[in-house]
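Engineer: This is the structure I have questions about; it appears just below.
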Amino acid sequence: MLADVVHRLVCPVCGSDLDLVDRGLRCPAGHAFDIARQGYANLLPGNARPGTADTPEMVRARDDFLRAGHFAGLADRLAWDVSRAGPSFVLDAGAGTGYYLSRILDRSPDVTGLALDISKHAARRAAKAHPRAGAVVADLWRPLPLRDGAADTVVNVFAPRNAAEFHRVLRDDGLLFTVTPSPRHLGPLVEALGLLTIDERKTERTDAALAGYFKLDSRREIDTQADLSHEEVTTLVGMGPSAHHVATDLLAERLARVPDPLPVPLSFVLSGYRRLE
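Numbered by the UniProt record's numbering, the letters in the sequence shown go through residues 1 to 277 in order.
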């Protein structure tokens with residue numbers, strides 16, 4: 001619940017501490033933010049545009065896809081690695097509907113977490129993803145609405161990476177875990193459906209983007225396979241970089257040429273980074 005993590009939050013306008021007041025959050029300077037009836041708070045500053053590009057239907061489809069267990073192997077491995085770090089508070093930066101955070105909290109019963117995402121539709125679901133998780137709407141490219149050193153661990157799964165802000169909100173010995181697709185992700189489906197290929201140097205570029213703030217601590221590659229219906233493949237494509245690259249009608253036309261369901265290779269790189277002083 002948001003009440004369990006509010007002491008770690010700061011006002012996105014002035015940076016002062018936030019307190020829970022009635023059904024909202026308020027700072028000493030008088031800036032106030034409502035808590036929606038679904039349990040999340042919108043902490044985007046007034047000059048920021050809220051994330052509404054994803055429709056409720058799109059968010060629902062992605063949540064259903066994840067909860068069907070297709071990425072369960074990845075989620076379990078991530079939850080295991082985070083639990084070994086022994087955090088008390090985990091920030092999921094770019095959390096979507098909170099699927100990965102909920103798996104992390106299931107494995108670590110003494111941990112609380114915060115799901116942060118720019119989509120209010122995703123935040124609505126993330127607020128109910130786990131009893132020990134709060135959810136806020138915020139932009140990863142702006143200063144994060146958290147105190148310095150508030151998080152023991154930051155998790156970043158298929159989401160933008162703000163190295164400077166992740167470094168700021170992590171404690172001195174904190175860990176950052178990132179998940180990116182490997183070049184093997186989706187295998188022959190990439191060519192068959194005309195999808196964007198994964199950069200062969202993506203992992204190297206991720207390391208470079210974090211350099212100066214973090215050093216690599218661990219890395220593992222996770223390769224699985226899932227039998228997906230055409231509908232599930234459409235949802236999966238919409239979750240990746242090809243979402244706006246292949247028109248829906250063209251994707252349907254190409255899918256009609258392949259079996260339904262069909263085996264789809266899934267390949268990820270799970271990296272752990274230690275915060276530099």
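The C-beta atom is built at its ideal place from N, Cα and C for all residues, glycine as well.
Touch check for the segment 193–200 and the segment 130–139: three-plus C-beta pairs under 8 angstroms?
Structural biologist: no
Engineer: Is T203 closer than 8 angstroms to F177 when the C-beta atoms are compared?
Structural biologist: Mapped onto the sequence shown, residue 177 falls at position 177. Mapped onto the sequence shown, residue 203 falls at position 203. Going by C-beta atoms, F177 is not nearer than 8 angstroms to T203.
Engineer: Within its chain, find whatever has a CB closer than 6 angstroms to the CB of R13; leave out the 5 residues flanking it on each side and keep chain order.
Structural biologist: Residue mapping note: residue 13 aligns to position 13 of the sequence shown, counting from 1. First, the amino acid is wrong: residue 13 is Val here, not Arg. Only H31, P45 meet the Cβ criterion.
Engineer: Could you please give the first and the last residue of the uninterrupted beta strand (DSSP E) stretch that includes F214?
Structural biologist: Locating residue 214 in the sequence shown gives position 214, where the first residue counts as 1. Counting along the chain, the beta strand (DSSP E) containing F214 begins and ends at 214–228.
Engineer: Determine the burial state of A68: buried for a count of at least 16 other Cβ atoms within 10 Å of its Cβ, exposed for fewer.
Structural biologist: To locate residue 68, count along the sequence shown from 1; it is residue 68. Exposed: under 16 other Cβ atoms inside 10 Å.
Engineer: In three-state DSSP terms, what is V179?
Structural biologist: Position 179 of the sequence shown holds residue 179. Three-state result, V179: strand.
Engineer: Taking one C-beta from the segment 234–245 and one from the segment 206–218 each time, how about it: are there three or more such pairs within less than 8 angstroms?
Structural biologist: Verdict: no, contact absent.
Engineer: Is I198 helix, strand or coil when you go by DSSP?
Structural biologist: Here the question's residue 198 lines up with position 198 in the sequence shown. In the structure shown, I198 sits in coil (DSSP, three-state: anything other than H, G, I, E or B).
Engineer: Out of V264, S229, H185, which has the shortest C-alpha to C-alpha gap to P241?
Structural biologist: To locate residue 241, count along the sequence shown from 1; it is residue 241. The residue with the shortest Cα to Cα distance from P241 is H185.
Engineer: Would DSSP call G113 helix, strand or coil?
Structural biologist: If you number the sequence shown from 1, residue 113 lands on position 113. If DSSP states are grouped into helix, strand and coil, G113 belongs with the strands.
Engineer: Is it the case that the Cβ atoms of R60 and A79 are separated by a distance below 8 angstroms?
Structural biologist: Stepping through the sequence shown from its first residue, residue 60 is reached at position 60. Stepping through the sequence shown from its first residue, residue 79 is reached at position 79. Against a cut-off of 8 angstroms, the Cβ pair of A79 and R60 comes out as no contact.
Engineer: Considering only the beta carbon of each residue, do T97 and D4 sit closer than 8 angstroms?
Structural biologist: For the purposes of this step, residue 97 is identified with residue 97 of the sequence shown, where counting begins at 1. For the purposes of this step, residue 4 is identified with residue 4 of the sequence shown, where counting begins at 1. Contact flag unset, no.
Engineer: Can you tell which of R125, R254, D81 has its C-alpha closest to the C-alpha of R37?
Structural biologist: As a position in the sequence shown, residue 37 is number 37, starting the count at 1. It is R125.
Engineer: Once the 5 residues before and after C11 are set aside, which same chain residues still bring their CB inside 6 angstroms of it?
Structural biologist: The count along the sequence shown starts at 1 and reaches residue 11 at position 11. L18, C27, H31, listed in sequence order.
Engineer: Starting from the C-beta of A135, find all residues in its chain whose C-beta is less than 6 angstroms away, skip the five residues before and the five after it, and write them out in chain order.
Structural biologist: Numbered from 1 along the sequence shown, position 135 holds the residue referred to as residue 135. For A135, where only same-chain residues beyond five positions count, the Cβ hits under 6 angstroms are Y40, A115, A123, A126, A127.
Engineer: Tell me which residues share the same chain as P263 and place their Cβ nearer than 7 angstroms to its Cβ, disregarding the 5 neighbours each side in the sequence.
Structural biologist: Within the sequence shown, the letter at position 263 stands for residue 263. Only Q225, D227 meet the Cβ criterion.
Engineer: Would you kindly work out how many angstroms separate the C-alpha atoms of H244 and M58, rounded to a whole number?
Structural biologist: Position 244 of the sequence shown holds residue 244. Position 58 of the sequence shown holds residue 58. Inter-residue distance for H244 and M58 is about 13 angstroms (C-alpha atoms, whole angstroms).
Engineer: Starting from the N-terminal side, write out each stretch of the alpha helix (DSSP H) that is 4 residues or longer and does not extend beyond the segment 56–98.
Structural biologist: Fully enclosed alpha helix (DSSP H) runs of 4 or longer: 56–67, 72–85.
Engineer: What is the rounded straight-line gap between the Cα of residue 279 and the Cα of E200?
Structural biologist: Summary: the structure shown does not reach residue 279, with the chain confined to residues 1 through 277, and so no result is reported for it.
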